[in-house]
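Protein chains in written order, with UniProt numbering: chain P, 1 to 915; chain Z, 1 to 915.
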């Protein structure tokens, strides 16, 4: 016969699978000899058996009877005894804490008879009746599924009738009347009276806990969090102790350190003469633990001892619930406590200092996301704000500035020293300069992976997108939200961490952690380097910065993955280098064709002879070379991967529909359309119904003679310039969108010729490897062949995700991603976290087969996933050499790469990807 | 020391690797004791060694010397002896015949001295000089790389000077003068005199053969045909025999059966008093072998004996070159002969009848493409035609009819009994009814996988696409080619096998093979069933039809793959069934939403409430049900796979740019745009920059409540109708574009409910499996999981190719496919033949892992590749259960499936896919 019931004296904290989190910790505290009210736990196995059978297994009934008898014997009372009743609480407790499940029924064992016994032993008639009416309401709501508002209304009616506003002013007689009303509600709603038999109450409550495992909300939660459906929940049955038995009683919650700041000390709330639900309800103001120590020094002293004991035992911040019943302290629950990002770092570093944990363990106590949160500027929480609208939190941070509606104005005002926020319906590559100039970007359309969101995240710009309440009119340079009109120049503030948009100025607090990351520990502690306040840091902040330094330094020592940045400009590269980047993993050359240079692409596209085309290409060489020289200088001595042109050429031309409308209208008006006609013809010629799957990347390079050769020449000449100037450029050339080794062979043939020419002309030695993106499933599946012609691989996981799943980042997010997240097809967007079993399998295949064909092949990643913590663990696991991410994510990735290295047994299975 | 030289007496026909095709067959004939002029073969191994070393290996020189001595001893003459010269021919001979390689140098051994010896022994001064001038020109062109026109010009100048037009009118003296001119050309072009030393001639000729292995044209050819670069070529050195030594000499080519019709007998051309190159040049009219038998009965009798001997030996049609030198027959070459499609079938069947080969072997002697060629109607070759333009041969056949420029007119004229050809710039789903009504489709834009091409091939309609010389103006209902204007109603003719477009009527010949395939052998032989001429078939045609029957019947018995058809209508299904389809593998339901029903989709899209949406869906049920009932009736007892809606909804709406222009122009004119504004808003809302990667397939089904349930209901009710009517519907429901098992689970939940409801309402048992397309790499890579929720898999290899390669069928073909084929990235479009190592690997993974998770899982293919012979072999090899192809391809696929089954050792390696 399986053992379905464990007394608290029988288990321990490592038995969460069987006893649930709460039960395991109650057993652990009991084992430590701490004052836990006696009780027992019904196992998750019993729950599973119940769910399969659809009925309570008979063995369980028997075992509960035995455990209850033992409990009654130990306490010396019987459950619901009319004279001297034992009362118990019944709580669910799964392995993982899970919203949507039944929480608690208190005071089980009270009935029309035992309520009098409780009056006797407590000497408090009001307390006993209040306990009984609480039981009926709680039991009615959670076990019998009665609308909670019915009980609340009855209470309100009574208070109105009595002319009072506060529950505590109800007398014992009032409560008797309320008990009758409550019982009537139960009879009306269920057709049966409130169960008077104590054991029936207990059995029904246990069954309700089991059933709550399968509520829709719980199922949905599990699906999203990838918690298996067949774990089941445990049930904890615990002797009631009462914090509401007078001034020498009370109840509280405490933490062994400050969960907000991480500061050492005792933190918590204490409510004298109260039960737990009163603390949650916030009816009265709570006291601090210091106040408690003054009121009840003995209990407080005992509590502090327990806290120290638990923290030393759990070796982490503990979150504790306790009750004092007539001067006696009881521990009701403990668990490792949640904390803020800053607290996580400080506590981890403190515990290392206290020699409670190792540096490796400290790394497991913090996450990249916590570090990221510490890096973003934030609005001063104390400031008054006028909320205007809410969009998607696309790229975190806080930005304030004058609203501008196009790139040109953004650049102009920024150059004049003004802070601006770029406001658009949606952005496109043309807006890039404006986005660079702006403090933040706000769009009314598009999802978290829209152009605005991706580019903003890439450059660390604050971004709120898809704020649909805002009606942007670029022509009139205004935006409307209802009656409110934002004109160009009006100051707005956007919070990329919450998605909020505010009207007017809001003070922003910059992050000292970023100062540290960019300028080092000493400069930051001295407050010399733009720390915001100019003076030294306050002690708490200094402690935080030191904690980050301790842990990040260890991560750097531990990690095996190198971390590069995606950067297209010298400024971005320099910043990335300050933030710890060990090279550039992706320099997108298409950004060098925007702005004024766009006209050269137009000339290239409209070229009607090889001469015109070659001249247009030739004109681009010095421009690209100049860009490269700056970039290579900023990254001197570190690798810089230059990706040849990737997007289709029509991306540099006007939108087809807009142009067609313009031409039609102009023609209708009898205006001259000669130039636009020619342009429209070119746009039509280049039009593709699916540009993502069209003439781009290596296909473009093979189709337009000289295009890639021009780019290779510019990069080679720039390298030669740097060498001549005494520099050490480490250039790598990367071919995008390769699907077949033949494509790479053909491009290599061209590139090798150009490199040899430039080396000869300039009299320098150019050692420039040529590699390929692996961003098509076909490339991954034939990586063994492609490796023949590639000096390195770099996974373009964005495109690989798009093609493996057959959906485009631009189109699908708004259309169905939200729904897919709702119904659990995705637990997270596969564009955010790598889909391990699908896309990840391609990464694994390509890595293994590429290296088999070419041992030691250098392999990296340069998609958005390079900056995603979970994905970084996956890339570590697969054995890549480096990941490349946006400059701002470099520290996060360094940390996660370190975490991955010390958690070698973390497998891809752990990834919360789609099934 | 490797053996680099083999005398003809030493090898055999199975040594093609070492001796090349020509050398192996010369050795084989020698071994058979046939009269082959003595000679030797320099091996491919010697060539490879030469290519690696860049020089002739010394061992080769020695071995050639020895072989030459042996040859001289046997013949009793010495190479180039001034008195009595041995002359030899030098010919290349690789394992595979290969254009671009050096062919032949004749008469090696002639020089200024030995030309006189030849005069002596031949007694013909003119012959000797003609032989010498031929050597200089041939040697000059092929060995010394001199422009051939220079020799031709010198000949022309001389003839002009002599006032003659025919070479044979040149006298011996004239030829002496020509020899001087030729030698001067050699001196001028190479700076050296024409080599007089016979052995030098031989060595240079051999070296030239070796070098020709690596000409650009040969390399390109090998890249395309996937012939490895390191095979090398052999060189055959053969004693010259002369067919131009008078009336008792001659040269000819013959076949052991008629390569055009397959008829038994002796076929060939004989040219008395001529050398081989004269036959090729076509200077004089050739004689038949019967004529030859009259002129030279002894040689002819001997030749016929050799032919019989060779055919029996090779057990196949042989293609033979021979020469008669002064009454003595010499065999110069033989190989298995090329033949027409009809001949291939007839010869294979004849050889079975003659018990020379088995039925299995007969299957290897014919191909699906040959059967396909026999099925297409063709223009009467004898008819006069006026060529108008040339496009791509997109879907074979011959179509004649009145030119129409839109679908409505096509339908109207077709209904009135007129034959029409639909002429469009390009087609879209709106043109479907017009394409059905038309005999053929002609477009001025788009490649071989454009919409027009794919749909036309699918329905077996003749199609020429991308005929760019034709300027189609739909508004004026005209098309122009230069000055020629085609008005609506003008008769045009298009040849889908050649891509030619003709003006005016051209008589069409229908295929008796199709009659046989649709109506069976007896009906066709009787000529009763629309055989075209109404009377019985002529004996040749009857023989062909019987041959096809013999071989196809055997293929059906041998094959393991079942063959289904892709069909959306009852008519197509019925035809497919007649052609041997064993079910419908793909019924696309989107075609049921076109035409008048389009308005319902518009209503669905514009719906602003759930009620309107549901009503629009409800209205579609009876329409779809009606379509299904007809289809299930046509396929009674056979499986019909119904695919739920796949394309994005905006495909059913007007084009965005056209609509935007229409609205802008109307607004400019002050016209009312209310309805179009609303429509445009919907179009904009649904607009996707990459619809192929957008909201389609299962995503649509999960996003639009009730859409898939409506389709499932229509299919289930149709099945119930058929059951009630005593039929046996075998319906399968297929979910498109699944990427995750969760999607399939969610759709199954809906579908199972609907199926249960319909079964209950109608009181029938519905056994309808629910399966999924595997058309995304992610689906293939997670097939083991998807199999949990799928009753069957069907590979959508079109989409799988698109996503694995990241290019869209619609866009890329025109843009870069032609270039990729030119430079050898593709040997064939991966949309035509499955890319085995990329896309095919996904097919293999999904099949293995799907079956591992669900043993016995039924798996098929329903992409275009299902009708492609090479791909069918691959699918057989992977172990699929069935392939589904367009109805017209069913017989082809039956044949290829049979061929695949008897060639089990055919591996995927053999696929001519991209690298």
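Every residue, glycine too, gets a C-beta built ideally from N, C-alpha and C.
Could you check how far apart the C-beta atoms of residue i and residue j are, in whole angstroms? I think they sit under 8 Å.
{"i": "residue 716 of chain Z", "j": "residue 745 of chain Z", "result": "Residue 716 of chain Z to residue 745 of chain Z, Cβ: 19 Å. No contact."}
{"i": "residue 190 of chain Z", "j": "residue 144 of chain Z", "result": "5 Å"}
{"i": "residue 693 of chain P", "j": "residue 275 of chain Z", "result": "That belief does not hold up - the Cβ atoms of residue 693 of chain P and residue 275 of chain Z are roughly 57 Å apart, past 8 Å."}
{"i": "residue 509 of chain P", "j": "residue 380 of chain P", "result": "5 Å"}
Let me confirm a value: residue i is counted as buried when at least 16 other C-beta atoms fall within 10 Å, else exposed. Which label applies?
{"i": "residue 179 of chain Z", "result": "buried"}
{"i": "residue 533 of chain Z", "result": "For residue 533 of chain Z, the predicted structure reports a pLDDT of 47, less than 50, and the residue's modelled location is therefore unreliable. The matter cannot be settled from this model."}
{"i": "residue 609 of chain Z", "result": "exposed"}
{"i": "residue 709 of chain Z", "result": "buried"}
{"i": "residue 809 of chain Z", "result": "buried"}
{"i": "residue 529 of chain P", "result": "Here residue 529 of chain P scores only 44 on pLDDT, less than 50, and its place in the model should not be relied on; the value that follows carries that caveat. It is exposed - the Cβ of residue 529 of chain P has fewer than 16 other Cβ atoms within 10 Å."}
{"i": "residue 531 of chain Z", "result": "Residue placement at residue 531 of chain Z is poorly supported in this model, since its pLDDT is 43, which falls under 50; the coordinates still yield a value, given next. That one is buried."}
{"i": "residue 307 of chain Z", "result": "buried"}
{"i": "residue 819 of chain P", "result": "exposed"}
{"i": "residue 297 of chain Z", "result": "exposed"}
Considering only the alpha carbon of each residue, which of the options lies closest to residue i?
{"i": "residue 733 of chain Z", "options": "Z/747, Z/722 and Z/723", "result": "Z/747"}
{"i": "residue 564 of chain Z", "options": "Z/115, Z/26, Z/887 and Z/128", "result": "Z/887"}
{"i": "residue 593 of chain P", "options": "P/652, P/648 and P/539", "result": "P/652"}
{"i": "residue 366 of chain Z", "options": "Z/267, Z/338 and Z/382", "result": "Z/338"}
{"i": "residue 208 of chain P", "options": "P/278, P/184, P/104 and P/128", "result": "P/104"}
{"i": "residue 137 of chain P", "options": "P/184, P/754, P/118 and P/285", "result": "P/184"}
{"i": "residue 290 of chain P", "options": "P/218, P/252, P/109 and P/595", "result": "P/252"}
{"i": "residue 498 of chain P", "options": "P/186, P/193 and P/389", "result": "P/389"}
{"i": "residue 357 of chain P", "options": "P/566, P/52, P/124 and P/551", "result": "P/551"}
4-residue-minimum alpha helix (DSSP H) runs that sit fully inside the stretch 576-621 of chain Z, ordered along the chain: As far as the stretch 576-621 of chain Z is concerned, its whole alpha helix (DSSP H) runs of at least 4 residues are 598-606.
Continuous alpha helix (DSSP H) assignments of at least 4 residues falling wholly in the stretch 231-261 of chain Z: Look at the stretch 231-261 of chain Z and you find no whole run of alpha helix (DSSP H) that is 4 residues long or longer.
The stretch 488-504 of chain Z contacting the stretch 350-364 of chain Z, beta-carbon criterion three pairs below 8 Å: Too few Cβ pairs lie closer than 8 Å, so no.
Complete alpha helix (DSSP H) runs within the stretch 733-813 of chain Z (minimum length 4 residues, chain order): Secondary structure remark: continuous alpha helix (DSSP H) runs of at least 4 residues inside the stretch 733-813 of chain Z, in chain order: 741-762, 777-781, 783-786, 797-805 and 809-812.
Stretch pair the stretch 722-731 of chain P + the stretch 632-643 of chain P: three plus CB contacts closer than 8 Å: Yes: the two stretches touch, three or more of their Cβ pairs being nearer than 8 Å.
Start-end ranges of the alpha helix (DSSP H) lying completely within the stretch 66-125 of chain P, minimum 4 residues: The stretch 66-125 of chain P contains these whole alpha helix (DSSP H) runs: 114-122.
Beta strand (DSSP E) runs contained entirely in the stretch 519-572 of chain P, provided each spans 3 or more residues: Listed in chain order, the complete beta strand (DSSP E) runs (minimum 3 residues) inside the stretch 519-572 of chain P are 562-566.
Every unbroken beta strand (DSSP E) within the UniProt domain "PEP-utilising enzyme mobile" (418-499) of chain P, with a cutoff of 3 residues, ordered by chain: For the UniProt domain "PEP-utilising enzyme mobile" (418-499) of chain P, whole beta strand (DSSP E) runs of length 3 or above, ordered along the chain, are 420-424, 440-443, 462-465, 471-473, 478-481, 484-487 and 491-495.
Minimum length 4: unbroken alpha helix (DSSP H) runs contained in the stretch 846-898 of chain P: Counting only runs that start and end inside the stretch 846-898 of chain P, the alpha helix (DSSP H) elements of at least 4 residues fall at 869-878.
contact_flag[the stretch 784-799 of chain P, the stretch 854-868 of chain P] where n(CB pairs < 8 Å) is 3 or more: In the pairwise beta carbon analysis, the stretch 784-799 of chain P is classified as touching the stretch 854-868 of chain P: at least three pairs are separated by under 8 Å.
Length at least 3, wholly inside the stretch 321-357 of chain Z: the beta strand (DSSP E) runs in chain order: For the stretch 321-357 of chain Z, whole beta strand (DSSP E) runs of length 3 or above, ordered along the chain, are 328-336.
Uninterrupted alpha helix (DSSP H) stretches inside the stretch 653-734 of chain Z (no shorter than 4 residues): Fully enclosed alpha helix (DSSP H) runs of 4 or longer: 656-668, 674-686, 698-703 and 707-724.
Cβ contact (3+ pairs, closer than 8 Å) linking the stretch 400-410 of chain P and the stretch 419-438 of chain P: Result yes; three or more Cβ-Cβ pairs closer than 8 Å.
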